[in-house]
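Residue numbers (the working numbering): 1 to 296.
Okay, structure first, notes after.
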Amino acid sequence: MSGSSFSAKLGLVLKVFNMSRAHLASALAVDKSLVGRWVAGSVTPSTHNLANITRYLADRQPGFTMLDWDRDIEDFAALFGAIAPVLERPFDVADGVPLAIMPQIRSATTGRARDLECFFRTTRPAEAAPGRFLHDQGMVRLNANGLLEVIMGVRETVYRGWLMPVRGQLFCVATDAANGALVFVIFSSVPSGRPQRIDGITLGSSSGSLPGIAAAPIILDRVGDLSGDVVADDRRYREMLTNDPLAPEGSVPPEVVAHLSRDFGPSHLAAGGDWLLQIPLHRSLGRSVMAMAEAI
Numbered sequence: 001m002s003g004s005s006f007s008a009k010l011g012l013v014l015k016v017f018n019m020s021r022a023h024l025a026s027a028l029a030v031d032k033s034l035v036g037r038w039v040a041g042s043v044t045p046s047t048h049n050l051a052n053i054t055r056y057l058a059d060r061q062p063g064f065t066m067l068d069w070d071r072d073i074e075d076f077a078a079l080f081g082a083i084a085p086v087l088e089r090p091f092d093v094a095d096g097v098p099l100a101i102m103p104q105i106r107s108a109t110t111g112r113a114r115d116l117e118c119f120f121r122t123t124r125p126a127e128a129a130p131g132r133f134l135h136d137q138g139m140v141r142l143n144a145n146g147l148l149e150v151i152m153g154v155r156e157t158v159y160r161g162w163l164m165p166v167r168g169q170l171f172c173v174a175t176d177a178a179n180g181a182l183v184f185v186i187f188s189s190v191p192s193g194r195p196q197r198i199d200g201i202t203l204g205s206s207s208g209s210l211p212g213i214a215a216a217p218i219i220l221d222r223v224g225d226l227s228g229d230v231v232a233d234d235r236r237y238r239e240m241l242t243n244d245p246l247a248p249e250g251s252v253p254p255e256v257v258a259h260l261s262r263d264f265g266p267s268h269l270a271a272g273g274d275w276l277l278q279i280p281l282h283r284s285l286g287r288s289v290m291a292m293a294e295a296i
């Protein structure tokens, strides 16, 4: 059983039983950081710890044994009445992608894929903590089907979908297969060079206590290049997901705070501001390596 296979399976059972890493660490009498490394796939448990994990899960899933860890991810998920973790599932273009303009999307992707592939971190307003900001960890890479695959999320919640260049912008449609959530993002792309920062607007279901819809500005910062080794890049991404998603107070640069906290609506319009939540090109914070070099 590979480390990445075990991490996916352990992450799945934590979700199934609504169990935190701290809870599992306490039950096994190990450090929480060790459980985090197991889930990230950076280390695998010793035989002793694997046996303890198995016994602990068997109390909740009667009949579960050490042999079950050797099941493939789909069978393992079915054992717990769940679906396979998002990073382990085969992924291809689904119905609903704008197929009418797919030739144009593929053509634009071919021209920009090398620049757009990267590891990234977003900054966006924290819905559950007004005045604070969240960081999603993400990765963009070219899929075998010729489209840019995007993976982004926080901790155990990961969205997977497509990043599609359309008329100078980047359209992202992604889902969290574990709970069926869907998110849309439109980024104002930079016209040339490797984007170091792009901004946009995200739209999805509200995460509050009452059901609803939430839209918010978002910034994406490039934090690294892909290695070209899919397994190594997946491992690095899982490690990124262990980062605390809530930005420490004072850590977000003032210009980013101002950009993500703009007002809009009738009263703001009356004062000469915006009627809609929008990001006009002249106010975009987007920049690329090429643009930065030209400015020096």
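We put the CB at the ideal spot given by N, CA and C, even for glycine.
Proximity to residue i [Cα-Cα], best of the options
i, options, result
"Q278", "G200, F80 and S7", "G200"
"A215", "D233, V158, F264 and G228", "F264"
"A144", "T110, M152 and V166", "T110"
"F76", "M102, V13 and Y56", "V13"
"R197", "Y56, L116 and D31", "L116"
"P195", "R112, V173, F17 and L79", "R112"
"G383", "G204, P62, P191 and S189", "Since the first and last residues shown for the chain are 1 and 296, residue 383 lies out of range."
"V223", "F6, F119, G193 and R124", "F119"
"V39", "V16, M19 and L10", "L10"
"S206", "R71, P125, R60 and K15", "P125"
"T122", "P266, G273 and A247", "A247"
"A29", "S7, A8, G41 and I53", "I53"
"L147", "E127, V158 and F171", "F171"
"S5", "S33, V16, D31 and P45", "P45"
"G193", "L50, G286 and S33", "G286"
"I151", "A100, D234 and V43", "D234"
"P297", "D70, D221 and D274", "Since the displayed the chain opens at 1 and closes at 296, residue 297 lies outside it and no answer follows."
"A191", "I213, A108 and S267", "Sequence check: residue 191 is Pro here, not Ala. It is A108 whose Cα lies nearest to the Cα of P191."
"M139", "M164, S261 and R236", "R236"
"R114", "A270, G273, P103 and G228", "G228"
8 Å contact criterion, which residue i and residue j should meet: CB distance rounded
i, j, result
"E149", "R155", "Their Cβ separation, rounded to whole angstroms, is 20 Å, which puts E149 and R155 out of contact at 8 Å."
"L241", "G153", "7 Å"
"I105", "V166", "6 Å"
"S33", "S188", "Not a contact, Cβ separation roughly 38 Å."
"D68", "L79", "6 Å"
Simplified DSSP assignment, three categories, for residue i
i, result
"L276", "coil"
"M19", "coil"
"L170", "strand"
"L285", "coil"
"S205", "strand"
"L269", "helix"
"F119", "strand"
"F187", "strand"
"L148", "strand"
"P90", "Bear in mind that a pLDDT of 49 at P90, under 50, signals an unreliable position, so the number given afterwards is only what the model happens to contain. If DSSP states are grouped into helix, strand and coil, P90 belongs with coil."
"P211", "coil"
"F64", "coil"
"F6", "helix"
"G81", "coil"
"P45", "coil"
"L14", "helix"
"F133", "strand"
"R222", "strand"
"D176", "strand"
"L246", "strand"
"G228", "coil"
"V140", "strand"
"G111", "helix"
Distance cut-off 8 Å: residue i Cβ against heavy atoms of the ligand FMN
i, result
"T47", "This structure lacks the ligand FMN, and indeed carries no ligand of any kind."
Residues near residue i in its chain [Cβ-Cβ closer than 7 Å; skip 5 each side]
i, result
"V35", "R21, L24 and A25"
"F17", "R60"
"A27", "Y56"
"A304", "Past the edges of the chain, shown from 1 to 296, lies residue 304, and the structure says nothing about it."
"D342", "Because the chain spans 1 through 296 in this model, residue 342 falls outside it and cannot be assessed."
Cβ neighbours of residue i in the same chain (closer than 8 Å, five flanking residues each side left out)
i, result
"A58", "F64 and T65"
"N243", "H135 and Q137"
"I186", "Q169, L170, F171, C172, G200 and I201"
"E239", "A40, G41 and S42"
"M19", "V13"
"S261", "P125"
Cβ-based neighbour list, residue i, same chain, cut-off 6 Å, excluding 5 preceding and 5 following
i, result
"D95", "Interpretation of D95 is limited by its pLDDT of 46, a score under 50 that renders its predicted location unreliable; no figure is taken from the coordinates."
"M164", "I105 and F171"
Minimum Cβ-Cβ distance from residue i to chain C less than 9 Å
i, result
"V231", "This model lacks chain C altogether; it includes just one protein chain."
Quiz item: Taking three-plus beta-carbon pairs below 8 Å as touching, is the segment 240–257 in contact with the segment 132–140?
Solution: yes
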